Amino acid sequence: TNQKWFHRRKILTPTFHFNILQGYHDIFARQGEVLVDLIAEEKGDFDLFPYIKRCALDIICETAMGTSINAQKGANNEYVRAVERLSAIIWDYERGSDGHGRDAVTN
154 TNQKWFHRRK ILTPTFHFNI LQGYHDIFAR QGEVLVDLIA EEKGDFDLFP YIKRCALDII
214 CETAMGTSIN AQKGANNEYV RAVERLSAII WDYERGSDGH GRDAVTN
């Protein structure tokens, strides 16, 4: 409902204030440079999504948890694989690949 959204937005908005995001500029820039370097190594057509996904994971982990996981350079590390597996499970559940999807919660 609109009331719920307004309340949640009011809580989240300060998180994305320019002054707060400015403190993370170095992280965004450093991880962006890693992304650009990795993309530059590609030849021909390639799938950009895995690169963007791992860059976002690096940024989120470093800004939210203060931990560098190097997802972009180590796509096969255990944490990256766990996040990818969890994402796939959630995606399958939301799409209803089991035939029940979100209805399974109410049954």
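For the sequence shown, this note's numbering begins at 154 and goes up steadily by one. The beta-carbon is built from N, C-alpha and C at its ideal position, and this holds for glycine as well. From a predicted model like this one, the values you see are computed outputs, not experimental measurements.
Proximity winner among the options, relative to residue i (alpha-carbon distances)
i, options, result
"leucine 188", "Ile212, Glu237, Arg161", "Ile212"
"glycine 219", "Gly176, Asn155, Phe171", "Gly176"
Under 8 Å between C-beta atoms of residue i and residue j
i, j, result
"isoleucine 222", "tyrosine 232", "yes"
"glutamine 225", "leucine 191", "yes"
"threonine 216", "isoleucine 180", "yes"
Cutoff 8 Å; reference residue i; Cβ partners in own chain excluding five residues on either side
i, result
"glycine 185", "Cys208"
"asparagine 230", "Ile222, Asn223, Ala224"
"tryptophan 158", "none"
Residues near residue i by beta carbon distance below 7 Å, same chain, minus five either side
i, result
"valine 236", "Leu210"
Close Cβ partners of residue i (< 6 Å) along its chain, the five nearest in sequence each way excluded
i, result
"aspartate 245", "none"
"glutamine 156", "none"
*asked:* Please give the ranges of any alpha helix (DSSP H) in the segment 175-259, keeping only runs that are unbroken, at least 4 residues long and fully inside the region.
replied: Segments of the alpha helix (DSSP H) lying fully in the segment 175-259: 178-193, 202-217, 231-248.
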